[in-house]
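Below is one structure, written out as structure tokens; comments come after it.
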DNA sequence: TATGAATGAGGATTCATTCAT
DNA sequence: CATGAATGAATCCTCATTCAT
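Protein chains in written order, with our numbering: chain A, 18 to 216; chain B, 18 to 216; chain C, 18 to 216; chain D, 18 to 216.
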């Protein structure tokens, strides 16, 4: 593994563990097993390194969502969404430090917002991709005809997002079983709807 | 207004604008119109000041949720949830810097997690409160009998939470009308459910 | 007890315990049970307060030495010196923080050296007073005729001084019995002399 | 000379001149001709730097005392002690700021007392070493058989210690001749003893 | 390319002192 | 005389970044 990759992985690990605010170049170098100076042979600045690592976040989720586009009309909608939801909770949980750091450091965000927009990056991409899938399924008649695909996507991913956030806040890890149960209950409610049924 | 309040409000303003990581005591003092030393006459440390201000976050939402408990069976469920959702988006949006800073600064969170738990604080309280309300409505037959109140609460608040997050990420403000529309669509989808209806 | 005295005693206690360097006006006020502002109603500055308290140090020793002048020719020289030595160890031990602070804070010392000289103050006064006593006893033939009174005074008081210093350094307290034994051995050696005796 | 040494020497010089309490990292850096930050590349903290420099104090005296152990039975006891006494006054004088700072800053002392003990460091080591030498000479019959070696060591070194202290207190330097005279008189008195001789 | 010592700007915090009440 | 909030200068220390080797 080349040094650039080692540095990036070290940075990812440290930011995950401590958050960006308390991540120092010294610590990254220590974990990467190189000198602080070496960081600057591969990245222009600490911020540059952060952005590099940031781009590797949420890749499982985005992969699952991209795969979904091909799956419209196949399997069950419920089954397809379940895979996405599981990936979402897992990735959001793993990347929560990154996600929150972007907001916490307003100037960093401001400096790069245009870049994000230009490259069509950011966590909101997930919602858009899921929306697209649901639109297709709606055309196929496999989801309720009067539902807004965007709202449905926001409900599902928002729920996963906040769930991951709260696990981090509470300092909890979740077993696979617990996670499956959360996703199951969430999908149950999402499919069924809150509306009381007439007798 | 006494100086302690002025300092707290200055801190709130600066953290909202810049995030905790880039908030300096110097800047807080400047905005509060006092010396840096004065901060320490009223707060033990910058961290102490942050926690003080943090405790004032999400109060509108929590107020709306608490009020909700009295409203079970009154008005429409939909109408009640609408008020909550609007408060949620607004408060989450306002407090996103605080919420994310808590996660970004892992050591700060670790240091105070016990305290949060002891005082039953934290953003997850909102979900629990909404869950309680929905449970009551379920008993009253005003929400679908097979729905999980917790899952429903997580869907609604999670969606609002992530929506607020994404507004911050994109650097957008939302008009009242846009916000109402977001809430409306979200509630539509949540009430209706994804399930395709048989012809 | 009036406030000025209470402040002075608080300062003495705190300096004794923590040394001047780590003594704050806040701590003095806390111990004195008054506000920090009150300190400045009774003393011009922290330095002024320190000097005030400093002047009260070593008073038992100086008292014992002054008394000694009257005792020349009375009792035994050994007995007279024993009282002085005991007072010296006790007072040096009690005042070691003060004594050392004067040296540690060079600028303070420089600022007040003239004042000390003008008022004939300082720990060296003890040696001069003891020298005077020994000179008288020498005239009376009660100490070895070829001894230098100043050297003898320096030996005895220097030994007590360093002994007190080392107790402080090692963080030890000494029982009265231990102290008596130290003084006894010291006087034994001082009276007898190192010189090997011919058979 | 490497920077670490330059920093250490600068610190030594500044502490000697101003005492630890009034020694700032800024001033040390200025004298060392480097930035304040550099101090922290070589020492963990100001305290760490102080301890490093402290360990280099009293080395001439300790060297002279160690050499003494080999000299038992050689030359004259008086001559041997003279060398030690001269080294003692010189070293105590040079290091008085350090010695006193250790006492003035009680918490520093408390924090490191165990370390001092573990490494068998501290000014009291000098007395123990001199005591050992005198014990040997006593066995050789070269010092008075009824004298306590420890008491004799305390008398001599205590006198030198306090003499150095008082020179600092009075702001005086001593010529070599004056110093020799002080040592000579002190040894005269110590060898002869105070005891009046019967006619 | 890899290093790591050196930097220096900037941060949080302390503390003696002042002054209006 | 007593207060204690307000001050602001000064302090120790951190850390991203540079650069000569």
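Just so it is clear, CB atoms sit at the ideal spot from N, CA and C, and this is done for glycine as well. Just so you know, these numbers come straight off a predicted model, no measurement behind them.
Backbone CA spacing between residue i and residue j [nearest angstrom]
{"i": "residue 151/C", "j": "residue 35/C", "result": "37 Å"}
{"i": "residue 271/B", "j": "residue 65/B", "result": "The shown model of chain B, from 18 to 216, leaves out residue 271/B, and the question about it has no answer."}
{"i": "residue 197/D", "j": "residue 103/D", "result": "7 Å"}
{"i": "residue 40/A", "j": "residue 199/A", "result": "32 Å"}
{"i": "residue 45/C", "j": "residue 114/C", "result": "16 Å"}
{"i": "residue 142/B", "j": "residue 72/D", "result": "57 Å"}
{"i": "residue 109/B", "j": "residue 89/A", "result": "34 Å"}
{"i": "residue 210/D", "j": "residue 211/C", "result": "7 Å"}
{"i": "residue 123/C", "j": "residue 63/B", "result": "35 Å"}
{"i": "residue 184/C", "j": "residue 191/C", "result": "8 Å"}
{"i": "residue 33/A", "j": "residue 130/B", "result": "18 Å"}
{"i": "residue 58/C", "j": "residue 48/C", "result": "17 Å"}
{"i": "residue 97/C", "j": "residue 203/C", "result": "14 Å"}
{"i": "residue 177/B", "j": "residue 21/A", "result": "39 Å"}
{"i": "residue 158/A", "j": "residue 138/B", "result": "44 Å"}
{"i": "residue 50/D", "j": "residue 125/C", "result": "27 Å"}
{"i": "residue 77/D", "j": "residue 121/A", "result": "58 Å"}
{"i": "residue 116/B", "j": "residue 25/B", "result": "17 Å"}
{"i": "residue 206/D", "j": "residue 74/D", "result": "29 Å"}
{"i": "residue 182/D", "j": "residue 93/D", "result": "28 Å"}
{"i": "residue 37/D", "j": "residue 134/D", "result": "22 Å"}
{"i": "residue 127/B", "j": "residue 118/B", "result": "13 Å"}
{"i": "residue 105/C", "j": "residue 18/B", "result": "59 Å"}
Contacts that residue i makes with chain C (C-beta to C-beta distance below 8 Å)
{"i": "residue 202/D", "result": "165, 167 and 168"}
Closer than 9 Å at the beta carbon, the chain C residues around residue i
{"i": "residue 160/D", "result": "211, 212 and 213"}
{"i": "residue 135/D", "result": "Those do not exist, as residue 135/D stays about 13 Å from chain C at its closest Cβ, beyond 9 Å."}
Interface residues of chain A facing residue i [CB-CB closer than 7 Å]
{"i": "residue 118/B", "result": "121"}
{"i": "residue 108/B", "result": "What residue 108/B touches in chain A: nothing, since even the nearest Cβ is about 14 Å away."}
Listed by chain order, chain D residues near residue i by CB distance under 8 Å
{"i": "residue 113/C", "result": "120"}
{"i": "residue 141/C", "result": "183, 186 and 187"}
Three-state class that DSSP yields for residue i in the structure shown
{"i": "residue 27/A", "result": "helix"}
{"i": "residue 119/B", "result": "helix"}
{"i": "residue 60/D", "result": "coil"}
{"i": "residue 137/B", "result": "coil"}
{"i": "residue 164/B", "result": "coil"}
{"i": "residue 54/A", "result": "helix"}
{"i": "residue 90/C", "result": "coil"}
{"i": "residue 96/D", "result": "helix"}
{"i": "residue 76/C", "result": "helix"}
{"i": "residue 155/D", "result": "helix"}
{"i": "residue 190/C", "result": "coil"}
{"i": "residue 142/B", "result": "helix"}
{"i": "residue 41/A", "result": "coil"}
{"i": "residue 19/D", "result": "coil"}
{"i": "residue 111/A", "result": "helix"}
{"i": "residue 212/C", "result": "coil"}
{"i": "residue 132/A", "result": "helix"}
Beta-carbon neighbours of residue i, restricted to chain A and to distances below 8 Å
{"i": "residue 208/B", "result": "210, 211 and 212"}
Chain A residues whose Cβ lies nearer than 9 Å to that of residue i
{"i": "residue 130/B", "result": "186, 187 and 188"}
Beta-carbon neighbours of residue i, restricted to chain D and to distances below 9 Å
{"i": "residue 205/C", "result": "163, 164, 165 and 168"}
Within chain B, partners of residue i - CB distance below 9 Å
{"i": "residue 65/A", "result": "Those do not exist, as residue 65/A stays about 17 Å from chain B at its closest Cβ, beyond 9 Å."}
{"i": "residue 124/A", "result": "35, 36 and 39"}
Going along the chain, which residues of the region 167–183 of chain B sit with their C-beta nearer than 8 Å to a C-beta in chain A? 167, 168, 169, 171, 172, 173, 174, 175, 176, 177, 178, 179, 180, 182 and 183
Could you list the residues in the region 33–54 of chain B with a C-beta less than 8 Å from some C-beta on chain A, going in chain order? 34, 35, 36, 37, 38 and 39
For the region 144–156 of chain C, which residues have a CB atom closer than 7 Å to at least one CB atom of chain D, in sequence order? none
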